[in-house]
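First to last, the sequence lines map onto chains A and B. Numbering-wise, the first sequence is residues 2 to 326 according to this note's numbering. Numbering-wise, the second sequence is residues 2 to 326 according to this note's numbering. Notes follow once the structure below has been shown.
Number of protein chains: 2
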Amino acid sequence: MTSRTSSPLIDGIADGIAVDWIAVDWGSSNLRAWAMNGTSRPISETSAATGASTLAPDAFEPALLGAIGPWLREAGQPPTDVIICGMAGARGAWVEAPYGTVPCPPSPANPARVPTTDPRLAVRILPGLSQTAPPDVMRGEETQIAGLIAEEPRFDGVACLPGTHTKWVHVSAGEVVSFASYMTGEMFALLAGQSVLRRTVAPDGWDEAAFLAGAEDGLARPDRVPARLFGLRAGALVGDLDPVVARSRLSGLLIGGEIAAAKPYWLGRDVVLIGAPALSRAYGGALALAGLDAREADATAMTIAGLAAARAALRTRVASNGAHP
Amino acid sequence: MTSRTSSPLIDGIADGIAVDWIAVDWGSSNLRAWAMNGTSRPISETSAATGASTLAPDAFEPALLGAIGPWLREAGQPPTDVIICGMAGARGAWVEAPYGTVPCPPSPANPARVPTTDPRLAVRILPGLSQTAPPDVMRGEETQIAGLIAEEPRFDGVACLPGTHTKWVHVSAGEVVSFASYMTGEMFALLAGQSVLRRTVAPDGWDEAAFLAGAEDGLARPDRVPARLFGLRAGALVGDLDPVVARSRLSGLLIGGEIAAAKPYWLGRDVVLIGAPALSRAYGGALALAGLDAREADATAMTIAGLAAARAALRTRVASNGAHP
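Encoded structure:
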């Protein structure tokens with residue numbers, strides 16, 4: 002039923018270990034894919050800069066083949082399942098995977114098959130989630146939530162997924178109950194890189210004390226955050242504000258303000274942070290100032306677990322229907 | 002003592018009316034200049050895209066001559082006073098005019114003369130203002146404040162100067178007591194033009210009701226403004242949020258949030274708005290929601306009045322010193 006990788010040139014795949022299916026996280030700006038053995042064991046990884054926002058609809062299949070082609074079973078054998086989450090399913094991208102509407106489980110039992118010209122592919126794109134009031138959407142994060150639920154089926158609490166558009170997600174009884182997005186990461190990038198603050202905010206570097214001081218200020222007086230921003234420029238002009246301190250304080254102010262606004266989500270809840278390690282640690286530090294002890298989960302592991310759960314649900318369904326797997 | 006414009010080609014100057022001095026507002030992105038007759042009467046106007054942020058120090062004099070050359074008295078006659086406010090006096094621009102530190106009058110009695118190679122020029126650049134705690138700076142707006150004080154010497158209240166970096170300025174007894182800057186205009190431009198919201202926020206257009214609803218929301222819950230922004234994108238994806246409504250609501254949210262943060266400035270005060278007419282009206286509408294009836298003053302008239310006051314002070318000083326005018 003499964004092929005074996007025949008070429009010893011395929012980096013990272015031990016010769017003789019089967020690629021049973023392929024997990025793909027296809028975001029706006031890049032693609033990451035994992036060759037999977039069995040239900041949930043990644044045996045190789047690849048990435049490409051062919052982000053979903055950079056491709057016309059007919060460019061997706063060639064881009065996918067360019068990334069994962071060496072992992073596919075040969076023509077004539079059963080096609081390889083490729084389970085994709087993220088912006089590849091947005092309107093105008095490869096094939097639109099319409100949003101599920103919360104409250105609902107984070108991924109559907111039977112995501113639609115995406116037509117391909119290459120017969121070696123059996124592609125499915127997982128849909129995102131939408132919320133009607135207040136309006137909100139996610140694509141990709143729902144799969145990390147599915148991974149969290151797969152690992153902790155009884156999870157009842159809040160997942161915070163920090164990133165360009167940070168999501169706060171209330172999860173209960175295996176469903177996403179509600180969620181809220183904050184543009185904090187994008188706002189930080191715009192202010193630090195494009196605004197007048199770029200002249201006095203370092204492009205990198207980190208000062209934890211300055212971050213925490215900013216976060217404390219943002220948490221205590223979120224309404225005053227807009228009054229603090231220009232001071233990061235003025236502090237360098239009339240004082241000697243260090244660029245790394247300015248960068249860290251800016252991050253703290255914005256994250257502190259976000260956490261203050263998101264208080265209805267996290268107050269009194271079990272909170273799991275799912276994001277890049279440095280960013281998750283920053284959110285964790287700011288949440289600790291608010292008296293909350295959040296856990297951290299590995300974002301990549303959650304993505305893979307969510308894709309694996311979707312593929313397992315699909316296999317179970319196919320098997321119970323008596324169809325060819 | 003004054004020359005007459007000799008060329009009938011000089012647009013806007015009636016033949017035979019003297020250009021006594023020249024007023025210049027030299028900002029980051031453009032230059033505006035007025036040929037002045039007597040103390041405070043503009044008789045012609047010009048502008049150029051030679052903003053201070055685009056020029057090396059030695060490019061300022063040629064750029065100035067390119068803009069106002071036709072207005073100058075001929076060589077051999079007394080040089081023409083050119084009074085400049087704005088970013089031309091920033092560090093790294095033409096010649097740094099170091100900030101005055103508040104509390105202080107908005108412009109000094111004797112701004113430094115800027116050396117020029119062309120003997121027809123007698124250039125002075127007015128300094129900006131700085132504040133130590135919290136750190137803040139302005140360059141250009143102080144001259145509009147000087148204009149306001151010139152027109153209303155007993156003004157005791159707050160000037161709000163909406164723009165890229167909106168300033169709230171407490172003025173009393175002819176001095177700037179304190180001030181606070183908000184990056185609201187720049188934030189709006191970045192969010193509407195550079196962020197994910199650009200896909201659903203119209204590049205222009207205005208819906209007054211949507212603006213006021215956004216402003217009311219921002220005023221009532223400034224801490225929640227970060228929670229509203231991504232909703233402008235999601236509202237278009239899962240609903241039918243109109244791009245012009247989205248643009249106006251975004252502006253309202255940001256301005257409402259700013260006004261809430263600036264409450265210690267405006268509460269119970271006489272507030273004068275000095276800015277572009279449409280923007281001043283928007284701020285006036287949002288302030289009215291907060292129960293405040295602000296006045297509007299013409300921004301260009303305030304700039305010219307401030308430059309005229311600085312030049313008059315200079316002339317008085319020169320005359321009282323018995324020096325050649």
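Built from N, CA and C at the ideal position, the CB exists for glycine as well.
With the cut-off set at 7 Å, would you say residue i and residue j are in Cβ contact?
i	j	result
G148 of chain A	G307 of chain A	yes
G236 of chain B	P136 of chain A	yes
E259 of chain A	Y183 of chain A	yes
G141 of chain A	C86 of chain A	yes
N111 of chain B	R318 of chain B	yes
T144 of chain A	A309 of chain A	no
D208 of chain A	V239 of chain A	no
D119 of chain A	W22 of chain A	no
P58 of chain A	W95 of chain A	yes
A228 of chain A	A262 of chain B	yes
P163 of chain B	L280 of chain B	yes
A76 of chain A	R42 of chain A	no
E152 of chain A	T117 of chain A	no
A210 of chain A	R250 of chain A	no
A36 of chain A	W72 of chain A	yes
V226 of chain A	G232 of chain A	no
P128 of chain B	P99 of chain B	yes
G175 of chain B	I150 of chain B	yes
A203 of chain A	R270 of chain A	no
D205 of chain A	D224 of chain B	no
S173 of chain A	D157 of chain A	yes
With residue i and residue j assumed to form a contact (beta carbons below 8 Å), what rounded beta-carbon distance in angstroms separates them?
i	j	result
I69 of chain B	A34 of chain B	5 Å
V159 of chain A	Y266 of chain A	5 Å
I126 of chain B	V115 of chain B	6 Å
T201 of chain A	L242 of chain A	7 Å
V25 of chain B	C105 of chain B	Incorrect: roughly 22 Å between the Cβ atoms, too far for contact.
A300 of chain A	G276 of chain A	5 Å
L293 of chain B	V273 of chain B	Their Cβ separation, rounded to whole angstroms, is 12 Å, which puts L293 of chain B and V273 of chain B out of contact at 8 Å.
S54 of chain A	M88 of chain A	7 Å
A191 of chain B	L290 of chain A	Looking at the sequence itself, residue 191 of chain B is Leu, so the reference to Ala does not match. Not a contact, Cβ separation roughly 28 Å.
Please report the residue range of the beta strand (DSSP E) in which residue i lies.
i	result
L145 of chain A	It should be noted that the sequence gives Gln, not Leu, for residue 145 of chain A. Where Q145 of chain A is concerned, there is no enclosing beta strand (DSSP E), although the alpha helix (DSSP H) it sits in stretches over 142 to 152.
L1 of chain A	Residue 1 of chain A lies beyond the residue range present for chain A, which begins at 2 and ends at 326; the question has no answer from this structure.
S45 of chain A	42 to 49
I85 of chain A	81 to 87
G158 of chain A	158 to 162
L122 of chain A	122 to 126
V138 of chain A	137 to 139
Just curious, the alpha helix (DSSP H) that residue i is in, first and last residue?
i	result
E187 of chain B	185 to 194
S173 of chain A	No alpha helix (DSSP H) holds S173 of chain A; the beta strand (DSSP E) holding it covers 167 to 173.
S131 of chain B	Not the alpha helix (DSSP H): S131 of chain B falls in the beta strand (DSSP E), residues 130 to 132.
I23 of chain B	That residue, I23 of chain B, is in no alpha helix (DSSP H); its beta strand (DSSP E) goes 22 to 27.
L288 of chain B	278 to 290
D218 of chain B	209 to 221
G307 of chain B	300 to 321
A247 of chain B	244 to 262
R200 of chain A	It is not in any alpha helix (DSSP H) - R200 of chain A carries neither H nor E in the DSSP assignment.
R234 of chain A	226 to 239
I18 of chain B	Run containing I18 of chain B: none; DSSP gives neither H nor E here.
A68 of chain B	61 to 69
Exercise. Is the stretch 306 to 324 of chain B touching the stretch 193 to 200 of chain B, taking contact as three or more C-beta pairs under 8 Å?
Worked result: no
Exercise. Touch check for the stretch 215 to 229 of chain A and the stretch 248 to 258 of chain A: three-plus C-beta pairs under 8 Å?
Worked result: yes
For this session: Decide yes or no for the touch test of the stretch 258 to 273 of chain A against the stretch 166 to 182 of chain A: beta carbon pairs closer than 8 Å, at least 3 of them.
Result: yes
For this session: Report the residues of the stretch 153 to 183 of chain A with a CB closer than 7 Å to any CB of chain B, ordered along the chain.
Result: H166, A181, S182, Y183
For this session: Check each residue of the stretch 99 to 133 of chain B: if its Cβ is closer than 9 Å to any Cβ of chain A, include it; give the result in chain order.
Result: Y100, T102, S131, Q132, T133
For this session: Name, going along the chain, the residues of the stretch 220 to 249 of chain A whose beta-carbon falls closer than 7 Å to a beta-carbon of chain B.
Result: P223, D224, R225, P227, A228, L230, F231, G232, A235, G236, L238, V239, G240
Exercise. Using Cβ-Cβ distances below 8 Å, what residues of the stretch 184 to 196 of chain A are close to chain B?
Worked result: M184, T185, E187, M188, L191, L192, Q195, S196
For this session: Quick one: which residues of the stretch 258 to 287 of chain B get their C-beta closer than 8 Å to a C-beta of chain A? List them in chain order.
Result: G258, E259, A261, A262, A263
Problem set entry | Within 7 Å of chain A by C-beta, residues of the stretch 68 to 96 of chain B in sequence order | none
Exercise. For the stretch 15 to 32 of chain B, which residues have a beta carbon sitting closer than 8 Å to at least one beta carbon of chain A?
Worked result: none
Problem set entry | Contact set between the stretch 50 to 68 of chain B and chain A, restricted to residues whose Cβ is under 9 Å from the partner | none
Problem set entry | Within 8 Å of chain B by C-beta, residues of the stretch 133 to 153 of chain A in sequence order | T133, P135, P136, D137, V138
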